[in-house]
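Reviewing the structure listed below.
Residue numbers (UniProt numbering): 1 to 499.
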């Protein structure tokens, strides 16, 4: 099954695919740097150690688990996720009780409503980059034998599987969104938003803790939360909450780092195999021929049977023509598959020699860059999320994912692909438009806020420059996509004529 890199090669043109790859890698790196910093800080709070000294051990422990334990890391992540959710529900209930006792009254500032919107797109949109990893684990069912009945049974089973997978992903995103909102409300009832507010209770006025100060120091919101719980005399019976929060943050950040690291490894593997395929004329040749041959026999028999059923004479030249058409169709699909380089087992010498080396080089560069950035800017947790990670993810989802979905639905190249669970056409284009609008708006605000903060723009100038820049970027990518799509269609037509 393809990774994000090869999906971009399949559904985008050469120029757009390279920009898409850059956005994907930038998002992974920014998010992993943020979680590396947050994880070391969480361990430091739990163990009572300086967090800067734990940046390297945290990175080494979980990077080793990602690269060396790839075969068993998925069950570990699942088990830790279940544990994390259980602890989080307990902590959420306790924090809600603490909030009712502290009762800090937050102030609403709708002029800053776009900032949490930007963070929410980063928190929830990241599922796009990890879905290829979980999708590859789905136990798809192959036809039990030749014949239309076996094929339809397999398609039905795969449709049910994909419907459950799609529902679980959507339910997970909605649940995470709801829990994020509840968590924010509870934290705002305990931790002051700014220092020196006139609406603070007397017990908190002397602590000098706030969410604003935590953000300036690159700290997660649980750091001032734990400070308030441990210092406020009204929360004396809830001291255990601080330990539960510390354990939850440790597990949560560790799971997030391993999940995103697994996704990054999946993309880097795609780079390694694609590079080898481009330089090796023998890459994947034998197993792909075997696969095509088996598919021709299976689908050819099914289409011949359908032709016999539909033919008035029950056979004859019509059957032979249908069989030739089936074989020609599968040969064209096989040629397309060869061009797209599916991840089939390959034993060519070049792959055996170069794939492990190139993967090791990519792993060293990518994960080494994560460590270098974390050590270079140990207080940049919020910066990496808001500036780099959110922009890369919003550009990826708002432009490229939408264009990829559009091409998959409108390009004649994919019109004959057997999709087990195809959504209604109106729903497809509605979701594409909603996704493009949502993440493009976040991308525009990201450019606007970054320009306003760095260059001191006024609000109207920032809006104009941000909107123009985002619109120009989207238009440029769209032009590149349409031109490359035309070139791909031309190559596809030439390939059909040859086959």
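We put the beta carbon where it would ideally sit given N, CA and C, even for glycine. All of these numbers come straight from a predicted model, not from anything done at the bench.
**Prompt:** Are residue 30 and residue 389 close, meaning C-beta to C-beta below 9 Å?
**Reply:** Mapped onto the chain shown, residue 30 falls at position 30. Mapped onto the chain shown, residue 389 falls at position 389. In contact: residue 30 and residue 389 (Cβ atoms closer than 9 Å).
**Message:** Can you find the residues in the same chain that come closer than 6 Å, C-beta to C-beta, to residue 242, ignoring five residues on each side of it along the sequence?
**Reply:** Counting from 1 along the chain shown, the entry for residue 242 is found at position 242. If we look at residue 242 and ignore the five residues flanking it on each side, its Cβ neighbours are 226, 229, 230.
**Item:** Status (buried if at least 16 other CB within 10 Å, exposed otherwise) for residue 356
**Value:** To locate residue 356, count along the chain shown from 1; it is residue 356. With fewer than 16 other Cβ atoms within 10 Å, it is exposed.
**Request:** Please list, in chain order, all residues of the same chain as residue 274 whose beta carbon is under 8 Å from its beta carbon, the five residues on each side excluded.
**Result:** Here residue 274 is taken as the residue at index 274 of the chain shown, counted from 1. Hits under 8 Å: 5, 6, 9, 341.
**Prompt:** How should residue 152 be labelled, buried or exposed, when 16 other C-beta atoms within 10 angstroms of its C-beta is the threshold for buried?
**Reply:** Reading the chain shown from its first residue, position 152 is the one you call residue 152. Its Cβ having fewer than 16 others within 10 Å, residue 152 is exposed.
**Item:** Continuous alpha helix (DSSP H) stretch holding residue 217: start and end
**Value:** Your numbering for residue 217 matches position 217 in the chain shown. Segment: none, residue 217 is in no alpha helix (DSSP H) and carries neither H nor E.
**Asked** Quick one: what's got a C-beta closer than 7 Å to residue 122's C-beta in the same chain, skipping five residues either side?
**Response** Residue numbering aside, residue 122 sits at position 122 when the chain shown is read from its first letter. So the list reads 385, 389, 390, 393, once near-sequence residues are dropped.
**Message:** Taking the straight line between their C-alpha atoms, what separation do you get for residue 366 and residue 100?
**Reply:** Residue mapping note: residue 366 aligns to position 366 of the chain shown, counting from 1. Residue mapping note: residue 100 aligns to position 100 of the chain shown, counting from 1. Approximately 45 Å, taken between the alpha carbons.
**Asked** Ends of the alpha helix (DSSP H) at residue 175?
**Response** Taking the first residue of the chain shown as 1, we reach residue 175 at position 175. Segment 148-188, the alpha helix (DSSP H) holding residue 175.
**Asked** Does the distance from the CB of residue 35 to the CB of residue 256 come in under 9 Å?
**Response** As a working note, residue 35 is residue 35 in the chain shown. As a working note, residue 256 is residue 256 in the chain shown. Cβ distance < 9 Å, so residue 35 and residue 256 count as in contact.
**Proximity winner among 193, 222, 239, relative to residue 208 (alpha-carbon distances)** = On the chain shown, position 208 is the one that residue 208 refers to. When only C-alpha atoms are compared, the closest one is 193.
**Beta-carbon gap between residue 246 and residue 182 smaller than 9 Å** = As a first step, residue 246 must be located in the chain shown, where it is residue number 246. As a first step, residue 182 must be located in the chain shown, where it is residue number 182. The answer is no: Cβ separation not under 9 Å.
**Coil, strand or helix - residue 194 by DSSP** = Walking along the chain shown from the start, residue 194 turns up at place 194. Note: residue 194 maps to coil in three-state DSSP.
**Message:** My parser needs the alpha helix (DSSP H) runs of 4 or more residues fully inside the stretch 41-126; what are they?
**Reply:** 55-68, 73-102, 114-125
**Candidates 73, 262, 131, 426, of which the one nearest residue 168 by Cα** = For the purposes of this step, residue 168 is taken as the residue at position 168 of the chain shown. Checked all of 73, 262, 131, 426; the closest Cα to residue 168 is 131.
**Request:** Leaving out five residues on either side along the sequence, give the residues of the same chain with a beta carbon under 6 Å from the beta carbon of residue 59.
**Result:** Position 59 of the chain shown, counting from 1, holds the residue named residue 59. Within the same chain, residue 59 has close Cβ partners 36, 371.
**Beta-carbon proximity list for residue 528, same chain, < 7 Å, skipping 5 on both sides** = Given that the chain is displayed from residue 1 to residue 499, the structure contains no residue 528 and the question cannot be resolved.
**Prompt:** So residue 38 and residue 185 are in contact, right, with Cβ under 8 Å, and what is the actual spacing, rounded?
**Reply:** For the purposes of this step, residue 38 is taken as the residue at position 38 of the chain shown. For the purposes of this step, residue 185 is taken as the residue at position 185 of the chain shown. About 21 Å; that fails the 8 Å criterion.
**Asked** Is the CB-CB distance between residue 20 and residue 396 below 9 Å?
**Response** As a working mapping, residue 20 is identified with position 20 in the chain shown. As a working mapping, residue 396 is identified with position 396 in the chain shown. Against a cut-off of 9 Å, the Cβ pair of residue 396 and residue 20 comes out as a contact.
**Request:** Identify, in the order they occur along the chain, each residue of the same chain with its Cβ nearer than 7 Å to the Cβ of residue 406, setting aside the five sequence neighbours on each side.
**Result:** Position 406 of the chain shown, counted from the start, is the residue given in the question as residue 406. Excluding sequence neighbours, residue 406 sits near 432.
**Request:** Would you kindly work out how many angstroms separate the C-alpha atoms of residue 239 and residue 98, rounded to a whole number?
**Result:** On the chain shown, residue 239 is found 239 positions in, with the first residue counted as 1. On the chain shown, residue 98 is found 98 positions in, with the first residue counted as 1. Straight-line Cα distance between these residues: approximately 10 Å.
**Request:** Spatial neighbours of residue 117 within its chain, please: CB distance less than 7 Å, with the 5 preceding and 5 following residues excluded, ordered by chain position.
**Result:** Translated into the one-based positions of the chain shown, residue 117 becomes position 117. The answer, listed in chain order, is 442.
**Supposed close pair residue 376, residue 55 - CB separation, criterion 8 Å** = Walking along the chain shown from the start, residue 376 turns up at place 376. Walking along the chain shown from the start, residue 55 turns up at place 55. 10 Å between Cβ atoms; not a contact.
**Prompt:** Can you round the beta-carbon distance between residue 46 and residue 250 to whole angstroms, since I take them to be within the 8 Å contact cut?
**Reply:** Position 46 of the chain shown, counted from the start, is the residue given in the question as residue 46. Position 250 of the chain shown, counted from the start, is the residue given in the question as residue 250. Right, their Cβ atoms sit about 6 Å apart.
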